[in-house]
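**Student:** For reference, the structure I am asking about is given below.
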Amino acid sequence: MNRNLLPFVMLCLIAIAGCARTEAQLQAGYPERTFSEVAGTIIGAVTVLGTLIFGGYAVLRGIDTNRNKTTEAFNKLMTRLYVNETDAQLHSEVINFVRSNPTVGKLAYDAALQTVAKSNGKSSTKHLALEVGRIHFGSLRMGKRPTIYDEQAIQNDINSRLQ
Numbered sequence: 201m202n203r204n205l206l207p208f209v210m211l212c213l214i215a216i217a218g219c220a221r222t223e224a225q226l227q228a229g230y231p232e233r234t235f236s237e238v239a240g241t242i243i244g245a246v247t248v249l250g251t252l253i254f255g256g257y258a259v260l261r262g263i264d265t266n267r268n269k270t271t272e273a274f275n276k277l278m279t280r281l282y283v284n285e286t287d288a289q290l291h292s293e294v295i296n297f298v299r300s301n302p303t304v305g306k307l308a309y310d311a312a313l314q315t316v317a318k319s320n321g322k323s324s325t326k327h328l329a330l331e332v333g334r335i336h337f338g339s340l341r342m343g344k345r346p347t348i349y350d351e352q353a354i355q356n357d358i359n360s361r362l363q
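In this note's numbering, the protein residues as written are 201 to 363.
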């Protein structure tokens, strides 16, 4: 059997089983369920399952599409940064991108640290690493602000790249 059909078959069986009366119900005088009651229950169950499956797929597909767009934009930005690591305008773009997409914070922080090493510690690249590091570490905290320990860790990371 096709694995994709398994939830559908299971839901149909549950719906059919839910339509049946127990012996106790029959002895208590409950009438047998009619065909239209059984069919209505099955159709309702199929509708709910279809909505869950196709609605969930659409949501996941939308999330996947947004993730791909974010990844693509991030990769283009990082390529530009590797080519020209001291461009102040580009640094502003990177900082703004990371602020609006905190999920790429760690990758951007690592890339900023690489630019520090590549530029032999120019102040503009240190500033980029500091700002991106603050955003990244802040995104891990409840108040979205880095702690003093995070600031020290960022400074240590920058210094270690210069040795």
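Where is the CB? At the ideal position from N, CA and C, for every residue including glycine.
Could I get the ranges of all uninterrupted beta strand (DSSP E) runs contained in the region 280-322, with 3 residues as the minimum, in chain order?
**Tutor:** List check, beta strand (DSSP E) in window: nothing returned.
**Student:** Given Ile295, which residues of its chain have a CB within under 6 Å of its CB, disregarding the five upstream and five downstream residues?
**Tutor:** If we look at Ile295 and ignore the five residues flanking it on each side, its Cβ neighbours are Glu331.
**Student:** Which of helix, strand or coil does DSSP assign to Met278?
**Tutor:** Met278: helix per DSSP, three-state reduction.
**Student:** Taking DSSP as the reference, what is the three-state secondary structure of Gln355?
**Tutor:** Gln355 falls in the helix class under three-state DSSP.
**Student:** Go through its chain and collect everything with a Cβ distance to Gly338's Cβ below 8 Å, but skip five positions before and after it.
**Tutor:** Only Lys344, Arg345, Pro346 and Asp350 meet the Cβ criterion.
**Student:** On the CB-based measure, 16 or more other CB atoms within 10 Å of its CB, does Val283 come out buried or exposed?
**Tutor:** Under this definition Val283 is an exposed residue.
**Student:** Just to confirm, is the Cβ distance from Leu313 to Glu293 under 9 Å?
**Tutor:** Contact flag unset, no.
**Student:** Quick one: residues in its chain with C-beta nearer than 7 Å to the C-beta of Lys326, no 5 flanking neighbours on either side, listed in chain order?
**Tutor:** Excluding residues within five positions, the ones whose Cβ falls inside 7 Å are Val316 and Ile358.
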